[in-house]
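Trainee: Below you'll find the structure I mean.
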Amino acid sequence: MTKKFEAFSPEAQKRLAKEAADYQKRIPNIEGRPDLFETKILRLQREGAATENEKKLLVAARDPGSGSALTPVLKELAGDEEMQIDIIADGRAQEIVQKNFLTKDITPPGMVLEADNVIGTPDVILMDRSCETGIDSYVTATFPEAPKILVEDYYLNTPDFLAELKKRDLPLPEKICVMDEGAKELIVKRFPDLESRIEITGQPAFDKFAHEDTKKISQEVRQKLNLSPEDKLVSFMSTKDEPAKIKKMAEALKKLGDDFYFIFRRHPRDNTSYETYKQIFVEAGIKIIDTDEFTTDEIGAASDVVLTTWSTEGLKGIYRRKPTAHITDHNFRIPEDIELPLVPVKLGASVGIDNMDELIEILPQLLDQKSPLNHSLKEKMEKNYQADGNNAKRVADIVREYLTKK
Numbered sequence: 019m020t021k022k023f024e025a026f027s028p029e030a031q032k033r034l035a036k037e038a039a040d041y042q043k044r045i046p047n048i049e050g051r052p053d054l055f056e057t058k059i060l061r062l063q064r065e066g067a068a069t070e071n072e073k074k075l076l077v078a079a080r081d082p083g084s085g086s087a088l089t090p091v092l093k094e095l096a097g098d099e100e101m102q103i104d105i106i107a108d109g110r111a112q113e114i115v116q117k118n119f120l121t122k123d124i125t126p127p128g129m130v131l132e133a134d135n136v137i138g139t140p141d142v143i144l145m146d147r148s149c150e151t152g153i154d155s156y157v158t159a160t161f162p163e164a165p166k167i168l169v170e171d172y173y174l175n176t177p178d179f180l181a182e183l184k185k186r187d188l189p190l191p192e193k194i195c196v197m198d199e200g201a202k203e204l205i206v207k208r209f210p211d212l213e214s215r216i217e218i219t220g221q222p223a224f225d226k227f228a229h230e231d232t233k234k235i236s237q238e239v240r241q242k243l244n245l246s247p248e249d250k251l252v253s254f255m256s257t258k259d260e261p262a263k264i265k266k267m268a269e270a271l272k273k274l275g276d277d278f279y280f281i282f283r284r285h286p287r288d289n290t291s292y293e294t295y296k297q298i299f300v301e302a303g304i305k306i307i308d309t310d311e312f313t314t315d316e317i318g319a320a321s322d323v324v325l326t327t328w329s330t331e332g333l334k335g336i337y338r339r340k341p342t343a344h345i346t347d348h349n350f351r352i353p354e355d356i357e358l359p360l361v362p363v364k365l366g367a368s369v370g371i372d373n374m375d376e377l378i379e380i381l382p383q384l385l386d387q388k389s390p391l392n393h394s395l396k397e398k399m400e401k402n403y404q405a406d407g408n409n410a411k412r413v414a415d416i417v418r419e420y421l422t423k424k
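Okay, so the sequence shown: first residue is 19 according to the numbering used here, each after it adds one.
This is the structure in structure tokens:
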């Protein structure tokens with residue numbers, strides 16, 4: 019059986035059936051919102067009719083990270099003439115796309131598995147490896163002839179996908195766009211044969227830091243929170259962390275006294291309620307502030323210190339030049355695909371905390387702007403994490419290059 023029909027083989031149908039069952043388990047992860055569960059095919063609306071020389075770009079995205087990373091690239095490409103852009107998406111990525119673009123729902127009655135009937139054969143596929151799998155492997159199997167441009171939005175979120183493609187004898191991406199040299203090294207370490215396919219473009223979602231007025235956002239948010247310039251604000255950006263870990267964190271914070279305010283940002287796909295986490299901090303006597311009315315970006319900008327485990331929000335904190343700590347306590351769950359020390363920690367741009375008790379010693383240093391630790395962190399942030407605002411353009415130019423080859 020040729021690769022062209024691999025997606026429709028009995029084995030593939032069984033695999034798709036299993037994935038469909040897995041999708042059902044995702045409903046709690048998106049807070050019971052069926053509008054985010056249904057996979058849809060969306061076509062970007064544009065002026066003018068289709069032309070004979072029109073190029074077709076297919077985009078695949080699922081989770082918040084992939085939606086945020088690909089949206090700036092789509093904004094770069096949306097104005098290109100003679101290009102039809104279709105997007106297969108669900109979850110938060112679908113919500114992000116519909117918020118940023120005028121789209122038309124062209125999902126066929128048979129759902130997304132009949133995508134080729136309404137899309138035709140795309141000239142190029144642009145995708146980001148989503149944490150929740152399915153869409154990326156589906157488009158790869160269904161359209162094996164189409165060149166694929168893969169964007170990696172965080173360190174090491176692509177190697178397992180590449181291994182899956184090799185195992186199934188499916189075409190590998192023509193180009194893999196990564197955020198920095200550290201990201202490239204991690205992929206090459208596992209797949210040295212793919213080094214020539216890797217392009218250091220920068221993470222498209224981080225373009226905003228080239229022009230974000232972080233100080234202004236911070237002042238506005240702090241004013242709404244009734245915080246003075248002298249008040250210290252610590253935020254924790256969660257990654258579906260278990261309550262036991264958060265309780266251990268609260269115990270450590272309790273030992274530091276009450277000279278700071280604390281914000282807990284729950285991951286959007288976390289099944290544990292915010293109230294459960296909040297109660298842990300309340301019982302520990304931590305001055306926790308509810309911030310539902312604010313975006314995570316606003317809280318990140320307003321924070322004096324950003325704590326996280328391995329969330330992309332940690333990198334955002336670094337780009338905002340906020341003292342940042344990545345907590346990777348081995349007493350709690352650490353995903354198998356996480357390689358320690360994390361790249362920002364290895365580069366000295368963030369502090370790595372291997373045991374929650376270390377937080378007691380490190381947090382006061384992070385809150386002191388004049389501490390030697392903060393001086394060192396800022397120096398390494400400036401050296402290793404610069405934003406020039408052109409990451410999305412670099413990815414878009416690679417897409418354009420492959421479109422012109424068709």
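The beta carbon of each residue, even a glycine, is placed where N, CA and C say it ideally should be.
1) At which residue ranges does the region 290–360 contain complete alpha helix (DSSP H) runs of 4 or more residues, listed in the order of the chain?
2) Looking only at DSSP bridge pairs, what is G370 linked to?
3) Going straight from the alpha carbon of E24 to that of P140, what length do you get?
4) Is the region 91–101 touching the region 158–165 in the sense that three or more CB pairs, one from each, lie closer than 8 Å?
5) Tell me whether the beta-carbon of V115 lies closer than 8 Å to the beta-carbon of V413.
6) Is the CB-CB distance between M255 and G332 below 8 Å?
7) Looking at C-alpha atoms only, which residue of N349, D372, R287 and E419 is the closest neighbour of P359?
8) Apart from the five residues on each side of it in sequence, which residues of its chain come closer than 6 Å, Cβ to Cβ, to V361?
9) For N289, count the other beta carbons within 10 Å of its own beta carbon; 16 or more makes it buried, fewer makes it exposed. Which is it?
10) Could you compute how far the alpha carbon of D386 sits from the alpha carbon of S236?
11) Kindly indicate which residue of F350, A111, D406 and D104 has the alpha-carbon position closest to the one of D134.
12) Taking the alpha-carbon of E100 as reference, which of K74, D123 and S84 has the nearest alpha-carbon?
13) May I ask you to report which of helix, strand or coil DSSP gives K273?
14) Give the list of continuous beta strand (DSSP E) stretches no shorter than 3 residues that lie fully inside the region 136–196.
15) Quick check on the burial criterion: 16 or more other C-beta atoms within 10 angstroms. Buried or exposed for R338?
16) Report the option in V206, G220 and Q221 whose CA atom is closest to the CA atom of S214.
17) Decide yes or no for the touch test of the region 291–308 against the region 217–234: beta carbon pairs closer than 8 Å, at least 3 of them.
18) Is there a Cβ from chain B that is less than 8 Å from the Cβ of P341?
19) Classify F282 as helix, strand or coil using the three-state DSSP reduction.
20) For P127, does the count of other Cβ atoms within 10 angstroms reach 16, so buried, or fall short, so exposed?
21) Helix or strand or just coil, what does DSSP make of E397?
22) Go ahead and pull the three-state DSSP assignment for F254.
23) Going by the beta-carbon positions, is the gap between A313 and P261 smaller than 8 Å?
24) Buried or exposed, going by whether 16 or more other CB atoms sit within 10 Å of the CB of N244?
25) Give me, in chain order, the residues of the same chain whose beta-carbon lies closer than 8 Å to that of N118; leave out the 5 immediate sequence neighbours on both sides.
26) How long is the line joining the alpha carbons of T125 and I106, rounded to whole angstroms?
27) Tell me where the alpha helix (DSSP H) around D415 begins and ends.
28) What's the C-alpha gap between Q221 and R61?
29) With H, G and I counted as helix, E and B as strand and the rest as coil, what does DSSP make of Q63?
30) Exposed or buried, what is I194 when buried is set at 16 or more other beta-carbons lying within 10 Å of its beta-carbon?
31) Where does L391 sit, in a helix, a strand or coil, going by DSSP?
32) For my contact list, L76 and I143 are in at a C-beta cut-off of 8 Å; report their separation, rounded to the angstrom.
33) Would S394 and L325 be called neighbours here (beta carbons separated by less than 8 Å)?
Mentor: This is what the structure gives:
1) DSSP runs (the alpha helix (DSSP H)) wholly in the region 290–360: 292–301, 314–320 and 330–337.
2) As a working note, residue 370 is residue 352 in the sequence shown. Note: G370 sits in a beta bridge opposite H344.
3) Residue mapping note: residue 24 aligns to position 6 of the sequence shown, counting from 1. Residue mapping note: residue 140 aligns to position 122 of the sequence shown, counting from 1. Its pLDDT being 46, under 50, E24 is placed unreliably in this model, and the value from its coordinates should be taken loosely. Using only the alpha carbons, I get a separation of about 17 Å.
4) Counting Cβ pairs under 8 Å, fewer than three are found: no touch.
5) Counting from one through the sequence shown, the residue named residue 115 turns up at place 97. Counting from one through the sequence shown, the residue named residue 413 turns up at place 395. Not closer than 8 Å, so no.
6) Against the sequence shown, residue 255 aligns to sequence position 237. Against the sequence shown, residue 332 aligns to sequence position 314. Less than 8 Å separates the beta-carbon of M255 from that of G332.
7) Residue 359 sits at position 341 when you count from the first residue of the sequence shown. Taking only the C-alpha atoms, the option nearest P359 is D372.
8) Here residue 361 refers to the residue found at position 343 of the sequence shown. Once the five neighbours on either side are set aside, the close Cβ partners of V361 are Y173 and G200.
9) For the purposes of this step, residue 289 is identified with residue 271 of the sequence shown, where counting begins at 1. Exposed, since its Cβ has fewer than 16 Cβ neighbours within 10 Å.
10) Taking the first residue of the sequence shown as position 1, residue 386 is located at position 368. Taking the first residue of the sequence shown as position 1, residue 236 is located at position 218. CA-to-CA, the gap between D386 and S236 works out to about 18 Å.
11) As a first step, residue 134 must be located in the sequence shown, where it is residue number 116. Looking at the Cα atoms, D104 is the closest of the given residues.
12) Mapped onto the sequence shown, residue 100 falls at position 82. If you compare the alpha carbons of K74, D123 and S84 with that of E100, the shortest gap goes to K74.
13) On the sequence shown, residue 273 is found 255 positions in, with the first residue counted as 1. Reduced to three states, the DSSP call for K273 is coil.
14) Secondary structure remark: continuous beta strand (DSSP E) runs of at least 3 residues inside the region 136–196, in chain order: 142–146, 166–169 and 193–196.
15) To locate residue 338, count along the sequence shown from 1; it is residue 320. Label assigned to R338: buried.
16) Numbered from 1 along the sequence shown, position 196 holds the residue referred to as residue 214. Considering only alpha carbons, the answer is V206.
17) The answer is no - the region 217–234 does not touch the region 291–308, with fewer than three Cβ pairs under 8 Å.
18) No chain B appears in the structure shown, which is made up of a single protein chain.
19) The residue you call residue 282 lines up with position 264 of the sequence shown. F282 falls in the strand class under three-state DSSP.
20) Within the sequence shown, numbered from 1, the residue matching residue 127 stands at position 109. It counts as exposed.
21) Position 379 of the sequence shown, counted from the first residue, corresponds to residue 397. It is helical.
22) By one-based count along the sequence shown, residue 254 stands at place 236. Residue state, collapsed to three classes: strand.
23) Here the question's residue 313 lines up with position 295 in the sequence shown. Here the question's residue 261 lines up with position 243 in the sequence shown. Checking the sequence shown, residue 313 turns out to be Thr, not Ala. The answer is no: Cβ separation not under 8 Å.
24) If you number the sequence shown from 1, residue 244 lands on position 226. When all chains shown are included, N244 counts as exposed.
25) In the sequence shown, the residue the question calls residue 118 occupies position 100. The residues T89, L92 and K93, in chain order, have a CB closer than 8 Å to that of N118 in the same chain once the five nearest residues on each side in sequence are set aside.
26) Within the sequence shown, residue 125 is the residue found at index 107, counting from 1. Within the sequence shown, residue 106 is the residue found at index 88, counting from 1. Per the coordinates, the alpha-carbon of T125 lies some 9 Å from the alpha-carbon of I106.
27) In the sequence shown, residue 415 corresponds to position 397, counting from 1. Counting along the chain, the alpha helix (DSSP H) containing D415 begins and ends at N409 to K423.
28) By one-based count along the sequence shown, residue 221 stands at place 203. By one-based count along the sequence shown, residue 61 stands at place 43. The alpha-carbon atoms of Q221 and R61 are separated by roughly 24 Å.
29) Counting from one through the sequence shown, the residue named residue 63 turns up at place 45. Residue state, collapsed to three classes: coil.
30) Working through the sequence shown from its first residue, we reach residue 194 at position 176. Around the beta-carbon of I194, 16 or more other beta-carbon atoms lie within 10 Å, marking it buried.
31) If you number the sequence shown from 1, residue 391 lands on position 373. It is helical.
32) If you number the sequence shown from 1, residue 76 lands on position 58. If you number the sequence shown from 1, residue 143 lands on position 125. Right, the Cβ-Cβ distance comes to about 5 Å (below 8 Å), so this counts as a contact.
33) For the purposes of this step, residue 394 is taken as the residue at position 376 of the sequence shown. For the purposes of this step, residue 325 is taken as the residue at position 307 of the sequence shown. Not a contact, by the Cβ cut-off of 8 Å.
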